[in-house]
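Protein chains: 2
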Amino acid sequence: MDLAIHLDRASTTPLYQQLIEKIRDAVLEGRLKPNQKLPSSRSLAKSLTISRSTVVQGYEQLESEGYLETRRGSGTYICHRIPDEWLKPQSIKPVTAKVFKACTLSRFGLSLTSIKQLEVSEPDYEISFRYGNPAVEYFPMQQWRKFLARHYKDSTLLNYASDATGYFPLRIEIANYLGRSRAVRCTPEQIVIINGSQQALDLIARLTLNPGDWVAMEEPGYLGARYCFMGQGANLQPIAVNSEGLDVSVLSKNRQKFKLIYVTPSHQFPTGVTMSLSQRIALLQWAQETDTLIIEDDYDSEYRYGEQPIPALQGMDRSQSVIYIGTFSKILFPSLRIGYLVAPPAWIPIIRQAKWLCDRFCPTLEQYALTDWIASGHFERHIRRMRHLYDLRRQVLIKALKGYFGARVTILGENAGIHVMVKIETGLADDIVIQKAAAAGIGLISAREYYLKPQHQGEFIFGYAQLEETQIEQGILKLSQIF
Amino acid sequence: MDLAIHLDRASTTPLYQQLIEKIRDAVLEGRLKPNQKLPSSRSLAKSLTISRSTVVQGYEQLESEGYLETRRGSGTYICHRIPDEWLKPQSIKPVTAKVFKACTLSRFGLSLTSIKQLEVSEPDYEISFRYGNPAVEYFPMQQWRKFLARHYKDSTLLNYASDATGYFPLRIEIANYLGRSRAVRCTPEQIVIINGSQQALDLIARLTLNPGDWVAMEEPGYLGARYCFMGQGANLQPIAVNSEGLDVSVLSKNRQKFKLIYVTPSHQFPTGVTMSLSQRIALLQWAQETDTLIIEDDYDSEYRYGEQPIPALQGMDRSQSVIYIGTFSKILFPSLRIGYLVAPPAWIPIIRQAKWLCDRFCPTLEQYALTDWIASGHFERHIRRMRHLYDLRRQVLIKALKGYFGARVTILGENAGIHVMVKIETGLADDIVIQKAAAAGIGLISAREYYLKPQHQGEFIFGYAQLEETQIEQGILKLSQIF
Numbered sequence: 274m275d276l277a278i279h280l281d282r283a284s285t286t287p288l289y290q291q292l293i294e295k296i297r298d299a300v301l302e303g304r305l306k307p308n309q310k311l312p313s314s315r316s317l318a319k320s321l322t323i324s325r326s327t328v329v330q331g332y333e334q335l336e337s338e339g340y341l342e343t344r345r346g347s348g349t350y351i352c353h354r355i356p357d358e359w360l361k362p363q364s365i366k367p368v369t370a371k372v373f374k375a376c377t378l379s380r381f382g383l384s385l386t387s388i389k390q391l392e393v394s395e396p397d398y399e400i401s402f403r404y405g406n407p408a409v410e411y412f413p414m415q416q417w418r419k420f421l422a423r424h425y426k427d428s429t430l431l432n433y434a435s436d437a438t439g440y441f442p443l444r445i446e447i448a449n450y451l452g453r454s455r456a457v458r459c460t461p462e463q464i465v466i467i468n469g470s471q472q473a474l475d476l477i478a479r480l481t482l483n484p485g486d487w488v489a490m491e492e493p494g495y496l497g498a499r500y501c502f503m504g505q506g507a508n509l510q511p512i513a514v515n516s517e518g519l520d521v522s523v524l525s526k527n528r529q530k531f532k533l534i535y536v537t538p539s540h541q542f543p544t545g546v547t548m549s550l551s552q553r554i555a556l557l558q559w560a561q562e563t564d565t566l567i568i569e570d571d572y573d574s575e576y577r578y579g580e581q582p583i584p585a586l587q588g589m590d591r592s593q594s595v596i597y598i599g600t601f602s603k604i605l606f607p608s609l610r611i612g613y614l615v616a617p618p619a620w621i622p623i624i625r626q627a628k629w630l631c632d633r634f635c636p637t638l639e640q641y642a643l644t645d646w647i648a649s650g651h652f653e654r655h656i657r658r659m660r661h662l663y664d665l666r667r668q669v670l671i672k673a674l675k676g677y678f679g680a681r682v683t684i685l686g687e688n689a690g691i692h693v694m695v696k697i698e699t700g701l702a703d704d705i706v707i708q709k710a711a712a713a714g715i716g717l718i719s720a721r722e723y724y725l726k727p728q729h730q731g732e733f734i735f736g737y738a739q740l741e742e743t744q745i746e747q748g749i750l751k752l753s754q755i756f
Numbered sequence: 274m275d276l277a278i279h280l281d282r283a284s285t286t287p288l289y290q291q292l293i294e295k296i297r298d299a300v301l302e303g304r305l306k307p308n309q310k311l312p313s314s315r316s317l318a319k320s321l322t323i324s325r326s327t328v329v330q331g332y333e334q335l336e337s338e339g340y341l342e343t344r345r346g347s348g349t350y351i352c353h354r355i356p357d358e359w360l361k362p363q364s365i366k367p368v369t370a371k372v373f374k375a376c377t378l379s380r381f382g383l384s385l386t387s388i389k390q391l392e393v394s395e396p397d398y399e400i401s402f403r404y405g406n407p408a409v410e411y412f413p414m415q416q417w418r419k420f421l422a423r424h425y426k427d428s429t430l431l432n433y434a435s436d437a438t439g440y441f442p443l444r445i446e447i448a449n450y451l452g453r454s455r456a457v458r459c460t461p462e463q464i465v466i467i468n469g470s471q472q473a474l475d476l477i478a479r480l481t482l483n484p485g486d487w488v489a490m491e492e493p494g495y496l497g498a499r500y501c502f503m504g505q506g507a508n509l510q511p512i513a514v515n516s517e518g519l520d521v522s523v524l525s526k527n528r529q530k531f532k533l534i535y536v537t538p539s540h541q542f543p544t545g546v547t548m549s550l551s552q553r554i555a556l557l558q559w560a561q562e563t564d565t566l567i568i569e570d571d572y573d574s575e576y577r578y579g580e581q582p583i584p585a586l587q588g589m590d591r592s593q594s595v596i597y598i599g600t601f602s603k604i605l606f607p608s609l610r611i612g613y614l615v616a617p618p619a620w621i622p623i624i625r626q627a628k629w630l631c632d633r634f635c636p637t638l639e640q641y642a643l644t645d646w647i648a649s650g651h652f653e654r655h656i657r658r659m660r661h662l663y664d665l666r667r668q669v670l671i672k673a674l675k676g677y678f679g680a681r682v683t684i685l686g687e688n689a690g691i692h693v694m695v696k697i698e699t700g701l702a703d704d705i706v707i708q709k710a711a712a713a714g715i716g717l718i719s720a721r722e723y724y725l726k727p728q729h730q731g732e733f734i735f736g737y738a739q740l741e742e743t744q745i746e747q748g749i750l751k752l753s754q755i756f
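As you go down the protein sequences, you meet chains A and B in turn.
Quick note, the first sequence lines up with residues 274 to 756 if you use the working numbering.
Quick note, the second sequence lines up with residues 274 to 756 if you use the working numbering.
Following this line, the structure appears as structure tokens:
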């Protein structure tokens with residue numbers, strides 16, 4: 274009896290595992306029939322020139338899975354209970370790439386197929402100006418690890434959390450910090466801990482938007498938010514951003530009934546404009562009159578340079594129209610995946626339900642460590658330290674841009690955040706600029722895709738937080754040499 | 274000039290912060306008007322008997338927020354740019370509890386309001402038989418901490434991950450483990466790392482279900498899954514479970530076109546029945562013929578006692594009809610929030626998109642540590658150790674139940690998992706049984722709510738993993754004394 278088994282000795286898959294797979298396949302494809310006797314472990318081992326214990330291990334596993342059965346004093350057989358019809362090869366559809374028909378995807382699934390691939394895995398540039406990542410090498414990893422380690426003693430923290438909204442003392446720390454530094458007015462009960470600001474956007478979009486609903490977005494605006502609204506099948510209305518931020522006079526001329534408006538008042542993404550106080554007040558008034566929910570995404574507000582009036586919209590709101598979003602990704606580190614939202618009290622029960630449904634709660638130990646880290650002052654000290662560093666890098670970038678490009682460059686939104694938007698007159702299309710930069714080892718991002726109605730050329734986003742001063746200087750020098 | 278400010282010295286809010294809030298309120302409520310002069314910091318400090326630096330700090334903050342302005346040589350004023358109309362109290366709606374009208378919630382939001390509160394915060398029972406939590410005090414926290422600490426050296430791990438589906442080496446370890454121990458057949462590319470099995474359920478529900486679609490559920494069945502389907506507005510069809518698991522003959526008599534069927538073949542939740550091989554084959558055949566997607570939730574399959582044939586459905590499937598879900602919550606610990614799903618290759622791009630949209634990716638450092646923990650064999654060693662412990666606790670529970678209740682008790686699903694379902698003849702309604710147990714310090718869960726069509730009384734779910742042997746024995750003794 275020949276099992277026609279070929280084992281690959283060069284493979285990283287253990288031999289017994291290969292044996293199991295081959296026999297399982299043979300059964301399921303009908304090459305081995307129910308009640309068929311298998312060779313003894315000794316003879317199979319000999320014919321395959323492998324050790325007998327490998328065969329025994331494989332047989333035992335297959336028996337425990339119900340493929341084989343041992344008949345006392347007789348040997349090992351293919352299990353008699355596997356119905357014949359299942360074993361006929363013709364009853365098995367060929368495996369094709371197209372395993373789901375369009376009809377089995379929901380509307381949400383279908384809208385995702387229409388969105389371009391969301392991840393960006395970038396080539397390794399010598400110098401990448403990609404925005405978003407903070408200067409992670411300055412994060413005090415060992416200190417943070419020690420804060421975490423403190424809680425690696427209490428095994429009750431390993432259990433399911435009883436509150437989907439997060440660890441209450443962390444919510445207290447956040448409420449106090451936001452009140453202190455961002456003029457956000459809230460109780461800890463209004464705070465929900467989430468996996469970064471993206472989850473806040475998704476939760477709010479899901480809880481509010483039906484297909485066909487209208488959402489107002491800053492133009493240009495943040496893609497992570499746009500895609501959440503598109504996923505829900507919403508219609509997007511771009512609203513122009515000027516030097517005072519989103520232009521509320523343009524907004525109020527729109528006739529649609531908006532359900533949501535998404536804004537980034539502290540440091541508009543990507544232009545970097547700070548919304549003026551008068552526009553903030555006008556926006557709140559408009560929202561109150563039109564019963565529109567404002568999402569205020571304060572994604573990098575911790576970093577501002579110089580004197581600017583930036584009270585959070587949330588703290589000025591008197592009509593419970595604002596849900597405020599913040600993240601620890603830019604201050605601690607992005608791969609921590611902790612952020613928060615601040616919602617009017619009446620929203621909390623439904624957000625709690627949604628959070629439970631999505632993934633129950635955020636990891637516990639990190640929430641405990643973060644609470645201590647904020648309470649002990651390290652959090653705000655780290656912000657101050659990084660603000661100083663980013664300010665330096667920002668100045669190097671601006672000086673280099675002005676020095677090498679002169680009058681051909683306009684810099685926007687330099688007073689806050691960890692990126693600037695830069696208009697460069699190159700006389701070339703953005704694609705060409707980016708290609709040429711890439712060829713010189715420089716990663717560059719055009720602002721074009723952040724517009725719903727692309728029309729601008731020559732706008733680029735420069736993240737500088739993650740680059741050393743010499744890299745920034747060199748990167749800009751190289752760019753200037755290309756054009 | 275009197276600002277009518279009262280500061281609370283007993284409060285934990287710093288005095289300067291209180292001052293800021295009071296002035297901000299006064300401006301927004303119109304009690305302080307634009308261009309109105311404020312007392313000098315010296316005189317306000319005196320009148321409030323606080324230090325001058327506290328007032329200066331408060332004024333500076335309010336100035337940076339745009340509420341105040343300093344006029345050189347003249348003093349501090351309420352900013353002239355705050356529009357008058359905003360300051361009239363009558364223009365501000367009173368804050369009410371009802372801040373969202375029904376129309377501003379999406380269909381999803383509305384369905385969540387119809388679901389009972391999802392979290393369970395249980396009273397502190399002396400002995401709680403609540404199922405779900407593993408014996409976390411046996412988890413090697415210090416060892417795990419060391420595995421984590423290894424990676425607290427590489428700051429690049431702190432950045433945004435480039436792949437929403439998870440750390441590839443972890444996906445390799447999971448694919449190998451699943452192949453070895455669960456007869457799951459997949460490549461690492463088919464695996465997506467998620468925040469526990471709940472996120473898998475939610476992602477799949479969202480990607481497949483439109484309002485009005487039909488889903489088949491085991492009866493009784495898992496609530497976490499049911500609520501995800503309800504959240505999407507799906508119709509649920511309960512399918513009876515018998516001693517061979519879900520009854521496929523009942524299923525195939527249904528005339529609805531199902532989009533999904535949710536099953537727990539290894540250890541049916543909550544009955545604990547293991548689905549027979551013939552029923553598995555019948556289910557796969559039905560799914561293939563009807564183009565239905567099977568969700569196989571293998572939530573506690575690692576723990577089985579004795580010889581049972583339990584190949585995963587996924588490994589027998591030849592028509593790419595199965596999405597398999599697993600979790601590390603029961604083996605490592607629930608508050609880690611790491612699980613995985615295994616999907617047919619064609620599903621991966623859309624699941625990746627959805628994962629990115631929901632929360633981008635799972636925390637990185639934990640994925641690295643887990644990879645090492647599995648690769649070094651600790652993972653499977655821990656499973657074996659815990660299997661032994663749970664087996665012991667299980668035997669104590671069964672012996673106690675039989676010993677104290679005799680013929681009045683029937684135990685189901687004892688051969689796998691970390692809970693059993695128990696039928697007890699008490700002659701009382703479940704509510705009364707639970708009340709009486711609670712009064713004696715015993716936490717007990719009725720199986721009633723797991724039925725879509727509640728009809729059974731006297732079925733209870735006993736989790737035993739988290740209880741010491743003496744607690745189990747005592748708990749059952751106490752219960753027997755009540756009835």
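Glycine included, every Cβ here is placed at the ideal spot set by N, Cα and C.
What are the start and end residues of the beta strand (DSSP E) that includes residue i?
i, result
"Tyr350/A", "348-351"
"Gln510/A", "508-515"
"Ile466/B", "464-467"
"Glu342/A", "341-344"
"Glu746/A", "That residue, Glu746/A, is in no beta strand (DSSP E); its alpha helix (DSSP H) goes 742-755."
"Lys532/A", "531-536"
"Val488/B", "487-492"
When DSSP builds the beta bridges, which residues end up paired with residue i?
i, result
"Tyr597/A", "Glu569/A, Val615/A"
"Val777/A", "Within the shown structure, residues of chain A are numbered from 274 to 756, placing residue 777/A beyond reach of any answer."
"Gly518/B", "Asn515/B"
"Arg577/B", "Ala689/B"
For residue i versus residue j, is the C-beta distance shorter than 9 angstroms?
i, j, result
"Gln510/B", "Val536/B", "no"
"Val615/B", "Ile464/B", "yes"
"Gly736/A", "Ile691/A", "yes"
"Tyr613/B", "Arg479/B", "no"
"Leu524/A", "Leu556/A", "yes"
"Ile697/A", "Val682/A", "yes"
"Ile598/A", "Asp573/A", "no"
"Trp629/B", "Leu391/A", "yes"
"Ile466/A", "Thr438/A", "yes"
Check for me: the alpha helix (DSSP H) holding residue i runs from which residue to which?
i, result
"Tyr450/B", "441-455"
(request) Can you give me, in chain order, the residues of the stretch 479-491 of chain A that have a beta carbon less than 7 angstroms from any beta carbon in chain B? (result) Arg479, Leu480, Thr481, Leu482, Asn483
(request) Would you list, in chain order, the members of the stretch 422-446 of chain B that have their beta-carbon closer than 8 angstroms to a beta-carbon of chain A? (result) Ala422, Tyr425, Lys426, Ser428, Thr429, Leu430, Leu431, Asn432, Tyr433, Ala434, Ser435, Asp436, Ala437
(request) Can you check the stretch 698-726 of chain B for any alpha helix (DSSP H) of at least 4 residues that lies completely inside it and give the ranges in chain order? (result) The DSSP assignment places 703-712 as complete runs of the alpha helix (DSSP H) inside the stretch 698-726 of chain B, in order along the chain (cut-off: 4 residues).
(message) Beta carbons nearer than 7 angstroms to chain B: which residues of the stretch 459-477 of chain A have them?
(response) Within the stretch 459-477 of chain A, the residues whose Cβ lies closer than 7 angstroms to any Cβ of chain B are, in chain order, Asn468, Gly469, Gln471, Gln472, Asp475.
(request) Closer than 8 angstroms, Cβ to Cβ, to anything on chain A: give me those residues from the stretch 625-649 of chain B, in chain order. (result) Cβ contacts with chain A: Arg625, Gln626, Ala627, Trp629, Leu630, Cys631, Asp632, Arg633, Phe634, Cys635, Pro636, Thr637, Leu638, Glu639.
(request) Quick one: which residues of the stretch 684-716 of chain A get their C-beta closer than 9 angstroms to a C-beta of chain B? List them in chain order. (result) none
(request) Taking only beta carbons into account, state which residues of the stretch 591-611 of chain A come closer than 9 angstroms to chain B, listed in chain order. (result) The stretch 591-611 of chain A vs chain B, Cβ under 9 angstroms: Arg591, Ser592, Gln593, Ser594, Ser602, Leu605, Phe606, Pro607, Ser608, Leu609, Arg610, Ile611.
(request) Please list the residues of the stretch 504-526 of chain B that have a C-beta atom closer than 8 angstroms to any C-beta atom in chain A, keeping them in chain order. (result) Contact annotation: in the stretch 504-526 of chain B, residues whose CB is within less than 8 angstroms of a CB in chain A are Gly504, Gln505.
(request) Please list the segments of the alpha helix (DSSP H) lying wholly inside the stretch 277-345 of chain B, counting only runs of 4 or more residues, in order along the chain. (result) 288-301, 314-321, 325-337
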